[in-house]
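Protein chains: 2
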Amino acid sequence: MNKTLQHIDYTEETEKLARFSKALGHPIRLIILKYLSDQSCCYTGDLVGVLPLAQSTISQHLKELKDAGLIDGEVNPPKIRYCINQENWEKAKALFATLFQEDFKNFSCC
Amino acid sequence: MNKTLQHIDYTEETEKLARFSKALGHPIRLIILKYLSDQSCCYTGDLVGVLPLAQSTISQHLKELKDAGLIDGEVNPPKIRYCINQENWEKAKALFATLFQEDFKNFSCC
DNA sequence: ATAGTTAATCGCAAATATACGATAAATATT
DNA sequence: AATATTTATCGTATATTTGCGATTAACTAT
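Protein chains in written order, with the numbering used here: chain A, 2 to 111; chain B, 2 to 111.
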């Protein structure tokens, strides 16, 4: 974290893929996404009932996913209904597909 | 990080996918993988010449990728030749494919 | 107005990640 | 044996992440 090197210019795609990856980089967040997918949508409280973590911790993980754009929180007082953000989910799908595409791994050795 | 809750039992798949995601969660590491893919393989020094980061930092990122299983380092004294680990790369590809599969996102709402 | 419910946010602690320069290890060359 | 090359590792500093309990905010229902 020295000097001016900490912000290198990456392409928009690289930046986004790293962001998505980071958000997916915790088991609890994968479970939350799976749960959201299975249940269509859910409230924070549903997850609190299911996961062995404090409410504040779960709220934090939801924020993480929301900030990465993978989920949306729709206010439904006094609850908040979380759903997967389809648009960005598709974007993530596309980015990961590119990453693992044939031409990305078109090696001549190894 | 309290009590005994910090180690929850996740499935092997969840654990692995989170691990891969985390490794992919830094732009520099994505660039390294892309470079490895383009150049077939490369030495640490090649990356040091290309990336605006200290040699030790790059070495650390390589270790991160290696520990996640995404790359292999083959000793070729005094250099070390890094290549993508095809087996695990395929495994990652499959796991991400499952994550983004149709039936994962089979919603009834949103 | 008061009380209840739900979920975000704050404040804190501990762990992990990111970056660097310096040093060490391993091997090839002289 | 001595030197040069290459790269990992060590030590350190700072930033970020992860977790908790307590509090606050927003809205409902009484």
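Cβ atoms here follow ideal geometry from the backbone N, Cα and C, with glycine treated the same way.
Query	Result
So, is A:SER59 buried or exposed, given that buried needs 16 or more other C-beta atoms within 10 angstroms?	It should be noted that the sequence gives Ile, not Ser, for residue 59 of chain A. Looking at its Cβ environment, which holds 16 or more other Cβ atoms inside 10 Å, A:ILE59 is buried.
May I have the straight-line CA-CA distance separating B:GLU14 from B:PHE97, to the nearest angstrom?	10 Å
Is the stretch 26-37 of chain A in contact with the stretch 16-27 of chain B, if contact means three or more CB pairs nearer than 8 Å?	yes
Mind pulling the chain B residues with CB within less than 9 Å of A:ILE33?	By Cβ distance, chain B contributes nothing, its closest Cβ being about 11 Å from A:ILE33, past 9 Å.
For A:ALA95 and A:LEU71, which I take to be in contact (beta-carbon distance under 8 Å), what is that distance rounded to the nearest angstrom?	Not really, about 14 Å apart at Cβ, beyond 8 Å.
If I measure Cβ to Cβ from A:CYS84 and keep anything under 6 Å in the same chain, skipping five residues before and after, which residues do I get?	CYS42 and ASP73
I'd like to know if A:HIS62 contacts chain B, where contact means its C-beta is closer than 8 Å to some C-beta of that chain.	no
State the Cα-Cα distance for the pair B:LEU54 and A:GLN40, rounded to the nearest angstrom.	44 Å
Any idea which residues DSSP pairs A:GLU75 with across the strands?	A:ARG82
The stretch 8-27 of chain B: which residues have C-beta closer than 7 Å to a C-beta of chain A, in chain order?	ILE9, TYR11, THR15, GLU16, LEU18, ALA19, SER22, LYS23, LEU25, GLY26 and HIS27
Rounded to a whole number of angstroms, what is the C-alpha to C-alpha distance between B:ARG82 and A:GLN56?	46 Å
Report the CB separation of B:LYS80 from B:TYR44 in whole angstroms; it is logged as a contact under 8 Å.	5 Å
For A:TYR44, does the three-state DSSP call read helix, strand or coil?	strand
Indicate the three-state DSSP secondary structure (helix, strand or coil) for B:GLN97 in the structure shown.	Residue 97 of chain B is actually Phe in this sequence, not Gln. In the structure shown, B:PHE97 sits in a helix (DSSP, three-state: H, G or I).
For B:GLY26, count neighbouring C-beta atoms within 10 Å of its own C-beta (all shown protein chains included) and say buried if the count is 16 or more, exposed if not.	buried
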